[in-house]
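Peer 1: Sharing a structure here in structure tokens format.
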Amino acid sequence: MINDETLELHKFMQTRRTLFCYSGPLSEDLLTSISNPVRQQLSESDSDEGVAKRVFGVFIEQAQNIIRYATLRADTGEGVGTIAISVTEDDGFLIEAVNAIDSTKRTALESTLLELSMKDAKELRKMYKERLRSGPPEGSKGAGLGFIEMARRVQRFEFEIADTESGPVFVYRGYVS
Amino acid sequence: MMEQAATQRTPLIEINEAVCRMVGECYPENIQEFSAPVMESLRSMVPETGSFTVELELFYFNSSSAKFFFDFFEFFEEKAAAGLTVKINWNYRADDDTMLEAGEDFSEDAESCQFELVEVEVPNDVES
Numbered sequence: 003m004i005n006d007e008t009l010e011l012h013k014f015m016q017t018r019r020t021l022f023c024y025s026g027p028l029s030e031d032l033l034t035s036i037s038n039p040v041r042q043q044l045s046e047s048d049s050d051e052g053v054a055k056r057v058f059g060v061f062i063e064q065a066q067n068i069i070r071y072a073t074l075r076a077d078t079g080e081g082v083g084t085i086a087i088s089v090t091e092d093d094g095f096l097i098e099a100v101n102a103i104d105s106t107k108r109t110a111l112e113s114t115l116l117e118l119s120m121k122d123a124k125e126l127r128k129m130y131k132e133r134l135r136s137g138p139p140e141g142s143k144g145a146g147l148g149f150i151e152m153a154r155r156v157q158r159f160e161f162e163i164a165d166t167e168s169g170p171v172f173v174y175r176g177y178v179s
Numbered sequence: 253m254m255e256q257a258a259t260q261r262t263p264l265i266e267i268n269e270a271v272c273r274m275v276g277e278c279y280p281e282n283i284q285e286f287s288a289p290v291m292e293s294l295r296s297m298v299p300e301t302g303s304f305t306v307e308l309e310l311f312y313f314n315s316s317s318a319k320f321f322f323d324f325f326e327f328f329e330e331k332a333a334a335g336l337t338v339k340i341n342w343n344y345r346a347d348d349d350t351m352l353e354a355g356e357d358f359s360e361d362a363e364s365c366q367f368e369l370v371e372v373e374v375p376n377d378v379e380s
């Protein structure tokens, strides 16, 4: 007999129209391997090129956030997280990412995303340019532009920092259509 | 002369004494490893006087690479301010608003370089 959970997992993914989902340790090497099939999936969907590109852009930034900032797996030093792309009811896309974060980063992350969620396209564009000029903020392992870039590519996004037994977990949902 | 074939995550790069060309994707695994040899080649090959052309056609670049391009254009701004005639062509596909916007943003900072946004047709036989 098939394990119920396996069948449920299949049904769940199918019902949610999930094009791609990965959960586990993430590295740049793995991102190289999965980015082509993700792109393929997106270009085979009925969306136009611009939408597919925006989804891909959000996917890459979020994957690199997990690689750089998620709480590290002790044995390999790789960031651990879940990342998924699904088709929404209005045939747009939902990009979801979940990863554990260091509790000391919580406040900064919350205020950054809250600030971004209140800005319009023009303000985000301006902010992106300013950040490009000023360089990365303290504690950033990239250019400090990732979340601004993501905010520019999505129609809207939601985020939450959930408390779990093992510490705070960052949940991100970005919508592109 | 520097020549580097495109990879899945990095563009084709050609740099000589007259031209710098980059075509393709830009979201390298390690931005420092990607950018250091490029900037090194530019510093050793771009002349002080005369003219120089930069041809860019990017399909996608990530936010870490944006910082690289910012430094890249800064390099040419300094050269141009010091007497080199620099022409930058930012080629973008007609349906690509993201790359058009990015080009517009970079062009706003160009004072000494001649920065042009060039719309290119999407080739029919190429799937991207």
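Line order of the protein sequences matches chains A and B.
Heads up: the first sequence begins at 3 in the working numbering, then just goes up one per residue.
Heads up: the second sequence begins at 253 in the working numbering, then just goes up one per residue.
Here a beta-carbon is modelled for each residue, glycine too, at the ideal position from N, C-alpha and C.
This one's a predicted model, so the numbers in the text were calculated from it and none came from an experiment.
K319 of chain B CB to nearest chain A CB: under 9 Å?
Peer 2: True, the Cβ-Cβ gap to chain A drops below 9 Å.
Peer 1: Tell me whether G26 of chain A is buried or exposed, calling it buried when 16 or more other Cβ atoms sit within 10 Å of its Cβ.
Peer 2: Classification of G26 of chain A: exposed, given that the 10 Å Cβ count is below 16.
Peer 1: Taking a Cβ distance cut-off of 8 Å, strictly less, list which residues of the region 313 to 338 of chain B are near chain A, in chain order.
Peer 2: The residues in question are N314, S315, S316, A318, K319 and F322.
Peer 1: Taking the alpha-carbon positions, what's the K2 of chain A to R135 of chain A distance?
Peer 2: For chain A, the structure presents residues 3 to 179; residue 2 of chain A sits outside this window and is missing.
Peer 1: Using a threshold of 9 Å, state whether the C-beta atoms of S165 of chain A and V171 of chain A are closer than that.
Peer 2: This sequence places Asp at residue 165 of chain A; Ser is not what is there. Going by C-beta atoms, D165 of chain A is nearer than 9 Å to V171 of chain A.
Peer 1: Please report whether the beta-carbon of E117 of chain A lies at a distance below 9 Å from any beta-carbon of chain B.
Peer 2: No, because no Cβ of chain B sits closer than 9 Å to the Cβ of E117 of chain A.
Peer 1: How would you write the range of the alpha helix (DSSP H) that V40 of chain A sits in, first residue to last?
Peer 2: Run containing V40 of chain A: E30 to E46, per the alpha helix (DSSP H) assignment.
Peer 1: I85 of chain A versus chain B: which residues are under 8 Å apart at the beta carbon?
Peer 2: None at all; the shortest Cβ gap to chain B is about 15 Å.
Peer 1: Looking at the strands, I want to know which residues DSSP matches up with M274 of chain B.
Peer 2: For M274 of chain B, which the question treats as bridged, DSSP gives the partners B:I265 and B:L308.
Peer 1: With F159 of chain A and S113 of chain A assumed to form a contact (beta carbons below 8 Å), what rounded beta-carbon distance in angstroms separates them?
Peer 2: So it is not a contact: roughly 15 Å between Cβ atoms.
Peer 1: With burial defined as no fewer than 16 other Cβ atoms inside 10 Å of the residue's Cβ, what is the status of N282 of chain B: buried or exposed?
Peer 2: Classification of N282 of chain B: exposed, given that the 10 Å Cβ count is below 16.
Peer 1: Find the nearest neighbour of N343 of chain B within the set B:Y279, B:L310 and B:E292, judged by alpha-carbon distance.
Peer 2: Out of B:Y279, B:L310 and B:E292, B:L310 has the C-alpha closest to the C-alpha of N343 of chain B.
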